[in-house]
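Engineer: Residue numbers (full-length UniProt numbering): 1 to 278. Where is the CB? At the ideal position from N, CA and C, for every residue including glycine. The structure displayed is predicted, hence computed values, not measured ones. Quick one: this structure, given as structure tokens, is what I'll be asking you about.
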């Protein structure tokens, strides 16, 4: 089934002077203009194209990749404000409309905003800065440790609000963040917990057994490189630990605790030291 505002695989049906017509099945023939057609395109070939409406509201195909697709969230720059709303640059010739009714605050030209893209009741591809209106429409079905993609939204007193997989809201707590984050930053994260109210707790680093094992090996290697001593204890600052190993203080404490239990290191108030092995 074809989808407006998304990538679809269509077959080249015929060539004309100004481009190619693709087989849109029940949607009829869909034009792929010459300027976005790949070189050597032949009739019968299947092609991945993005479907949208041109400036005359005619269905058209392109091989260009937009910065946002229907059902996604992205940070886009507003390039114009008009009587019908604001227009954002989404990487295509026709700009993306953000109607006044879908603006959380009046959008300003030149500024960037997190927007959600969808098809409205008039079959237009539009965007909204009212993310609460469009996210968390379905129950979040995730498991502890699942890897997800997040987009940073706002900083709060407890950490950062983030969009999870373009569908739900999640929270990165500040004690799990050890680098500056900005609105619109996109990165992988991991599910810590899905609460009864549907809220999602996140962290930037996975805490699987394999990664814990890798961290203990990194600590041992760093000790060997530093003459058997390392001035990082379980009392060291989270920032210093992250700068050295790229992990949370909790993960580091677990790693050196495991090494201590295996009698591979000793821990003092000044740091950790390798135990000589016979």
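Roughly how many angstroms lie between the CA atoms of residue 73 and residue 269, to the nearest whole one?
Structural biologist: Residue mapping note: residue 73 aligns to position 73 of the chain shown, counting from 1. Residue mapping note: residue 269 aligns to position 269 of the chain shown, counting from 1. Rounded to whole angstroms, residue 73 to residue 269 spans 47 angstroms at the Cα level.
Engineer: Return the chain-ordered list of same chain residues with a C-beta closer than 6 angstroms to the C-beta of residue 4, the five sequence neighbours on each side being excluded.
Structural biologist: As a first step, residue 4 must be located in the chain shown, where it is residue number 4. Once the five neighbours on either side are set aside, the close Cβ partners of residue 4 are 51, 119.
Engineer: Excluding sequence positions up to five away, which residues of its chain have a Cβ less than 7 angstroms from the Cβ of residue 231?
Structural biologist: Taking the first residue of the chain shown as position 1, residue 231 is located at position 231. Counting only Cβ-Cβ distances below 7 angstroms, and skipping sequence neighbours, we find 270, 271.
Engineer: In whole angstroms, what separates the C-alpha of residue 245 from that of residue 215?
Structural biologist: Along the chain shown, one-based indexing puts residue 245 at 245. Along the chain shown, one-based indexing puts residue 215 at 215. Looking at the two C-alpha atoms, the distance is approximately 8 angstroms.
Engineer: Excluding the 5 residues preceding and the 5 following residue 206 in the sequence, name in chain order all residues of the same chain whose CB lies nearer than 8 angstroms to its CB.
Structural biologist: As a working mapping, residue 206 is identified with position 206 in the chain shown. The residues are 145, 147, 190.
Engineer: On the DSSP bridge assignment, give the partners of residue 168 in chain order.
Structural biologist: One-based indexing of the chain shown puts residue 168 at position 168. Paired residue(s): 164.
Engineer: Can you check whether the CB of residue 41 is closer than 8 angstroms to the CB of residue 18?
Structural biologist: On the chain shown, residue 18 is found 18 positions in, with the first residue counted as 1. On the chain shown, residue 41 is found 41 positions in, with the first residue counted as 1. Cβ distance not < 8 angstroms, so residue 18 and residue 41 don't count as in contact.
Engineer: Per DSSP, which residues does residue 182 bridge with? Please list them.
Structural biologist: The residue you call residue 182 lines up with position 182 of the chain shown. DSSP, once it has assigned bridges, lists no residue as partnering residue 182.
Engineer: For my contact list, residue 117 and residue 69 are in at a C-beta cut-off of 8 angstroms; report their separation, rounded to the angstrom.
Structural biologist: Stepping through the chain shown from its first residue, residue 117 is reached at position 117. Stepping through the chain shown from its first residue, residue 69 is reached at position 69. That belief holds up - the Cβ atoms of residue 117 and residue 69 are roughly 6 angstroms apart, short of 8 angstroms.
Engineer: Taking all protein chains shown into account, do 16 or more other C-beta atoms lie within 10 angstroms of the C-beta of residue 153, making it buried, or fewer, making it exposed?
Structural biologist: Stepping through the chain shown from its first residue, residue 153 is reached at position 153. When all chains shown are included, residue 153 counts as buried.
Engineer: Which one or two residues does DSSP pair with residue 48 in a beta bridge?
Structural biologist: Residue numbering aside, residue 48 sits at position 48 when the chain shown is read from its first letter. 9.
Engineer: When the cut-off is 8 angstroms and only beta carbons count, does residue 157 lie next to chain E?
Structural biologist: In the structure shown, chain E cannot be found, because there is only a single protein chain.
Engineer: Suppose you measure from the CA of residue 249 to the CA of residue 221; what does that come to, to the nearest Å?
Structural biologist: For the purposes of this step, residue 249 is taken as the residue at position 249 of the chain shown. For the purposes of this step, residue 221 is taken as the residue at position 221 of the chain shown. Cα-Cα distance, rounded: 18 angstroms.
Engineer: Beta strand (DSSP E) containing residue 118: first to last residue?
Structural biologist: In the chain shown, residue 118 corresponds to position 118, counting from 1. Counting along the chain, the beta strand (DSSP E) containing residue 118 begins and ends at 112-119.
Engineer: Would you mind stating whether residue 96 and residue 114 have Cβ atoms separated by less than 8 angstroms?
Structural biologist: To locate residue 96, count along the chain shown from 1; it is residue 96. To locate residue 114, count along the chain shown from 1; it is residue 114. Cβ distance not < 8 angstroms, so residue 96 and residue 114 don't count as in contact.
Engineer: Residue ranges of each beta strand (DSSP E) run of no fewer than 3 residues wholly in the UniProt domain "S1 motif" (69-130), ordered along the chain?
Structural biologist: DSSP runs (the beta strand (DSSP E)) wholly in the UniProt domain "S1 motif" (69-130): 73-82, 85-89, 96-99, 112-119, 125-128.
Engineer: So, for residue 86: in the same chain, excluding its five sequence neighbours on each side, which residues have a beta-carbon less than 6 angstroms away from its beta-carbon?
Structural biologist: As a first step, residue 86 must be located in the chain shown, where it is residue number 86. Counting only Cβ-Cβ distances below 6 angstroms, and skipping sequence neighbours, we find 78, 98, 107.
Engineer: For residue 252, which residues does DSSP report across the bridge?
Structural biologist: Counting from 1 along the chain shown, the entry for residue 252 is found at position 252. DSSP, once it has assigned bridges, lists no residue as partnering residue 252.
Engineer: Taking the alpha-carbon of residue 7 as reference, which of 61, 33, 53, 43 has the nearest alpha-carbon?
Structural biologist: Translated into the one-based positions of the chain shown, residue 7 becomes position 7. Among 61, 33, 53, 43, the Cα nearest to that of residue 7 is on 61.
Engineer: Considering only their Cβ atoms, is the gap separating residue 171 from residue 199 smaller than 8 angstroms?
Structural biologist: Counting from one through the chain shown, the residue named residue 199 turns up at place 199. Counting from one through the chain shown, the residue named residue 171 turns up at place 171. Their beta carbons are under 8 angstroms apart, which means residue 199 touches residue 171 by this criterion.
Engineer: Starting from residue 240, follow the alpha helix (DSSP H) in both directions and report where the run begins and ends.
Structural biologist: As a working note, residue 240 is residue 240 in the chain shown. Where residue 240 is concerned, the enclosing alpha helix (DSSP H) stretches over 238-245.
Engineer: Compute the distance between the beta-carbons of residue 274 and residue 265, then report whether it is under 8 angstroms.
Structural biologist: Within the chain shown, residue 274 is the residue found at index 274, counting from 1. Within the chain shown, residue 265 is the residue found at index 265, counting from 1. Closer than 8 angstroms, so yes.
Engineer: Between residue 12 and residue 150, what straight-line distance do the alpha-carbon atoms span, to the nearest angstrom?
Structural biologist: Here residue 12 refers to the residue found at position 12 when the chain shown is read from its first residue. Here residue 150 refers to the residue found at position 150 when the chain shown is read from its first residue. Going from the Cα of residue 12 to the Cα of residue 150 covers about 36 angstroms.
Engineer: Can you tell me which residues form a DSSP beta bridge with residue 39?
Structural biologist: Working through the chain shown from its first residue, we reach residue 39 at position 39. Note: residue 39 sits in no beta bridge, so no partner.
Engineer: Helix, strand or coil for residue 204? Go by DSSP, reduced to three states.
Structural biologist: By 1-based counting over the chain shown, the position of residue 204 is 204. Residue 204: coil per DSSP, three-state reduction.
Engineer: To the nearest angstrom, how far is the alpha carbon of residue 226 from that of residue 256?
Structural biologist: Counting from 1 along the chain shown, the entry for residue 226 is found at position 226. Counting from 1 along the chain shown, the entry for residue 256 is found at position 256. Each residue's alpha carbon lies about 16 angstroms from the other.
Engineer: Measuring CB to CB, does residue 91 end up less than 8 angstroms from residue 112?
Structural biologist: In the chain shown, residue 91 corresponds to position 91, counting from 1. In the chain shown, residue 112 corresponds to position 112, counting from 1. It is not a contact, given that the beta carbons lie outside the stated cut-off.
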